[in-house]
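Residue numbers (mature numbering (1 follows the signal peptide of the UniProt record, and there is no 0)): -21 to -1, 1 to 321.
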Amino acid sequence: MTFRFACLLFALALACSRALAAETREIVDMAGRKLVIPAHPARIYGAAPPVTLTLYALAPELLIGLNVPFRGDERPLLRNEAAELPVIGSQAGMGRELNLEEVASRRPDLVIAWLGHFMEIDKAERSFARIGAPVVFLKLETLDDYSKAFVFLGEILGREQKASELARYIDDALARVRAATASIPPEQRIRVYYAETADGLATDCDKGFHAEAIALAAGDNVYHCTQSTHFGQDRIGLEQIVALRPQIIVAQNKGFGDIAKTNSQWRNVEAVKQGRIVFVPHAPFNWIDRPPSYMRALGVQWLANLFYPKRYPLDLVAETKSFYRLFLGVDPSDADVARILE
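Written out as structure tokens, the structure is:
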């Protein structure tokens, strides 16, 4: 081999190594793991609804699929980039059962998995090893986590400016609500029952992520306990609800309203006697839970205004429009907002 030819080979090898280095990068994910990912991911699988919704707000064009199908009434409020995506299942939480073969067939170059208190990292790593794409863990449990998660995603996806705007909104909303409610003594906080099912007899602990929005809005969730399972929705007896004397019921299912009004036992509940049942807005995504997401940044303000209107005055229509433009990429009309809030 001539010296000139050897130099040429060395130069080619150096150029190739630099090109390869430019195509990938090393990061530390939110689980503290070092890994190499594409420098410019183009096809991402969000492995659970909280992750997918976070990507939906920041980089919807990079999603390869959904965890759960959209409802028909949600479509006017959906981004065009995501409205027709296939449903390919979920690692955890609500959603269709995960189909690894189907995920692999969509050729993701990055998998982003949900990191939470009840998530098993080793199990998720083993599951996704068959796909052949690097797995990044995103910590999404408390609303404060979402601010950090947006900044992290912005860095690895090249969306720093948008991510900063989303994180700033969450931080500012939390700061305003906390400042308005911090001085309320525990004994003066409104007693809240969180009714999650149509019969009203499933709820979640005050110390758990499913009901976090109530606590952030300075409500006293009357079901005092520590969350013991990822799914939650503990069953509770009606007699216990009566004894807990909630002043307001925050309900997820509108069918519960009919039961509460017609069932004589429910009429013994203080909140039902006073006609104080409110239903959580959910179009296109739930404002406080299932899935828990950044929507809580709006939901917490809605609840704080409901619980303490003098302490936290809010133009809910204007705030809803602003939030939907920033996070969901749509510009809802007054009629749209009326439907969301009905």
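No residue lacks a Cβ here, since even glycine has one placed at the ideal position from N, Cα and C.
- Boundaries of the alpha helix (DSSP H) harbouring E144: E139 to T160, taken from the DSSP string.
- Excluding sequence positions up to five before and after E2, its CB lies within less than 6 Å of the CB of A18, all in the same chain and listed in chain order.
- For T208, the three-state secondary structure derived from DSSP is coil.
- Here W245 is not near L223, since their CB atoms are 9 Å or more apart.
- In this model, G11 and E5 are separated by some 12 Å (Cα to Cα).
- Going by C-alpha positions, P263 is about 6 Å away from L56.
- Sequence-distant Cβ neighbours of A62 in its own chain, meaning closer than 8 Å and more than five residues away, are F49 and R54.
- Ranked by Cα distance from A92, the options S69, A83 and E76 are led by S69.
- In this structure, the CA atom of G111 is about 15 Å from the CA atom of A21.
- Burial state of G278 is buried, judged by a 10 Å Cβ sphere holding 16 or more other Cβ atoms.
- About 18 Å separates the beta carbons of V316 and R58, which is beyond the 8 Å limit, so they are not a contact pair.
- By alpha-carbon distance to L307, the top candidate from C184, A197 and L37 is L37.
- Counting only residues of its own chain and dropping the five nearest sequence neighbours on each side, I215 has a CB closer than 8 Å to the CB of L180, A181, T182 and Y202.
- Annotation for T31: the continuous alpha helix (DSSP H) segment containing it runs P28 to L37.
- Under the three-state reduction of DSSP output, R246 falls in the helix class.
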